[in-house]
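Encoded as structure tokens, the structure appears first; notes follow it.
Numbering (the numbering used here), first residue to last: 73 to 593.
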């Protein structure tokens with residue numbers, strides 16, 4: 073077993089984490105005195121959770137898990153209660169928590185000196201490509217922001233501080249990827265953390281399903297008097313992750329690894345765990361009532377099962393029966409749910425459904441118009457499309473039964489174009505879009521190269537394929553939702569998860585190098 077590159081014993085960094093949590097509690101108390109009991113309970117809970125996380129995952133692993141835990145479980149209503157009012161918009165409690173956790177993680181990770189990184193992962197591809205693309209993306213954003221503040225007089229309602237906070241929510245989580253590779257929790261703990269991510273996805277699917285199956289009981293237990301969206305028989309629950317479309321994007325990203333390990337994993341208990349989580353995630357996507365997510369689910373699941381069946385290394389006698397049983401289980405569960413609950417939003421032609429599609433088409437056209445007006449560096453985030461999570465109580469000038477409506481030079485749009493591939497060029501221009509999508513492409517290319525490297529263990533090759541399918545499923549979600557641009561929670565989960573994936577890939581290559589070195593010896 074390859075030793076972890078960094079020590080995992082609790083030490084000064086753990087004390088720093090506790091101090092940071094206490095400092096955050098003190099800051100919140102000064103801003104929101106009414107939240108004192110909740111903050112004290114949160115500080116105590118954070119302390120004990122931190123001890124458990126350090127014990128299970130090591131210091132670096134704990135500092136990667138805690139932002140995931142905050143993204144999944146810091147309920148929206150508490151987050152709003154801890155928000156700092158900055159005049160017209162707010163700096164949410166989640167933003168402060170992630171900033172503090174990231175600062176501690178950076179202080180712990182940057183001084184660590186690991187063994188010489190494998191060139192395939194660190195020098196030839198990911199490290200250089202990440203630095204170039206991230207720097208170009210950030211430079212385009214800041215330069216566009218500065219120029220727009222000085223020269224753009226067509227958007228008088230700009231809030232410069234809100235635009236900077238919106239960029240903070242986009243850029244800070246991206247740094248988790250290189251820092252995760254730098255920190256390196258070790259091979260065993262990295263795989264454990266990846267399974268924990270799948271478990272969090274399964275839990276989210278369970279919660280979302282509970283909202284749909286027992287809406288009255290769940291809402292009563294939470295003390296909520298109502299919920300937003302849905303049909304007469306279903307409630308589209310507002311999970312800790314936020315909008316159901318965002319939840320569904322995460323579930324579609326985590327589903328391929330869960331299915332691949334569940335059918336082809338090397339540990340029977342973990343196989344059962346992953347298959348159970350996959351089933352919960354399937355139900356969660358269904359109850360999210362997102363038509364784009366359901367289409368994405370079908371594509372991702374089909375690609376995953378085809379890989380399991382037809383990949384040359386997986387042609388074993390029991391593979392096809394397993395896949396057939398899994399497919400029958402999925403079909404049976406879907407039939408039972410569709411027979412018991414009203415999912416007519418997926419095919420209905422009522423006013424709500426028709427106007428929803430029409431609004432999205434208008435929003436996409438508006439995004440194209442914004443890009444044509446700001447083609448090089450974009451209009452900057454929040455200048456046209458308001459980040460609703462930064463604006464508690466925000467009320468647009470016009471709203472109908474579908475969604476809030478904003479207008480850009482007479483063109484109607486929802487508060488987001490619901491499309492990643494349009495909002496990035498609209499807000500960051502052609503320069504920013506090339507850098508951002510270049511970074512995503514570099515990630516996929518690096519994983520492909522690692523997967524195809526001679527000598528990679530069968531288990532590692534299977535899981536790398538699953539993570540690639542998950543990346544593709546998540547990016548496909550960008551056709552139906554402005555993922556990675558609309559909120560910080562989703563960004564944190566994506567970049568931390570794929571930071572762990574690249575640590576996994578790093579150790580897969582190191583195992584090959586170690587075997588080769590032993591052979592030469």
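We treat Cβ as the ideally placed atom computed from N, Cα and C, and that holds for glycine.
- Take residue 241, set aside five residues on each side of it, and the residues of its chain with a beta-carbon closer than 6 Å to its own are 560, in chain order.
- Positions of the alpha helix (DSSP H) runs, each at least 4 residues long and wholly inside the stretch 230-296, are given as 232-246, 248-255, 259-285, 287-294 in order along the chain.
- Counting every other CB atom within 10 Å of its CB across the protein chains shown gives residue 339 a total below 16, marking it as exposed.
- Taken in chain order, the unbroken stretches of beta strand (DSSP E) that lie wholly in the stretch 437-510 and span 3 residues or more are 476-480, 483-485.
- Residue 494 and residue 500 have their C-alpha atoms some 10 Å from each other.
- Residue 512 carries a helical assignment under DSSP once its states are collapsed to helix, strand and coil.
- In the structure shown, the three-state DSSP call for residue 156 is strand.
- For residue 382, the three-state secondary structure derived from DSSP is helix.
- Non-local C-beta neighbours of residue 577 in its own chain, meaning closer than 7 Å and more than five positions away in sequence, comprise 193, 519, 522, 536, ordered along the chain.
- Check the Cα spacing between residue 534 and each of 477, 382, 588, 446: the tightest is with 382.
- DSSP places residue 137 within a helical segment (H, G or I) once states are collapsed to three.
- In the structure shown, residue 163 adopts extended strand secondary structure according to DSSP, grouped into three states.
- With distances taken between CA atoms, residue 482 lies nearest to 227 out of 244, 227, 335.
- Comparing alpha carbon positions, the residue from 120, 379, 492, 571 closest to residue 549 is 492.
- Considering only 566, 332, 400, the residue with the shortest C-alpha distance to residue 530 is 332.
- A Cβ-Cβ distance of about 14 Å is found for the pair residue 270 and residue 335, leaving them out of contact under the 8 Å criterion.
- Shown here, residue 555 sits in coil according to DSSP, grouped into three states, outside any helix or strand.
- Between the C-alpha atoms of residue 458 and residue 480 there is a straight-line separation of about 12 Å.
- Residue 524 sits exposed, since fewer than 16 C-beta atoms from the chains shown fall within 10 Å of its C-beta.
- Per DSSP, reduced to three states, the secondary structure at residue 579 is helical.
- The continuous alpha helix (DSSP H) containing residue 334 extends over residues 316-336.
- Using a Cβ-Cβ distance cut-off of 8 Å, the stretch 132-141 and the stretch 555-574 are in contact, since at least three pairs of beta carbons, one from each stretch, lie closer than that value.
- Judged by DSSP in its simplified three-state form, residue 533 adopts helix.
- Residue 512 sits away from residue 580, with the two beta carbons spaced by 8 Å or more.
- In terms of Cα proximity to residue 456, the closest of 374, 214, 224 is 224.
- Taking C-beta separations shorter than 7 Å and ignoring five residues to either side along the sequence, the partners of residue 436 in its chain run 489, 491, 494, following chain order.
- Burial check for residue 380: the Cβ neighbour count within 10 Å reaches 16 or more, so the residue is buried.
- Collapsing the DSSP output to three states places residue 213 in a helix.
- The residue among 213, 203, 359 with its C-alpha nearest the C-alpha of residue 251 is 203.
- The C-beta distance from residue 507 to residue 209 rounds to 4 Å, short enough to fall under 8 Å.
- Nearest neighbour of residue 545 by Cα position, chosen from 370, 558, 344, turns out to be 370.
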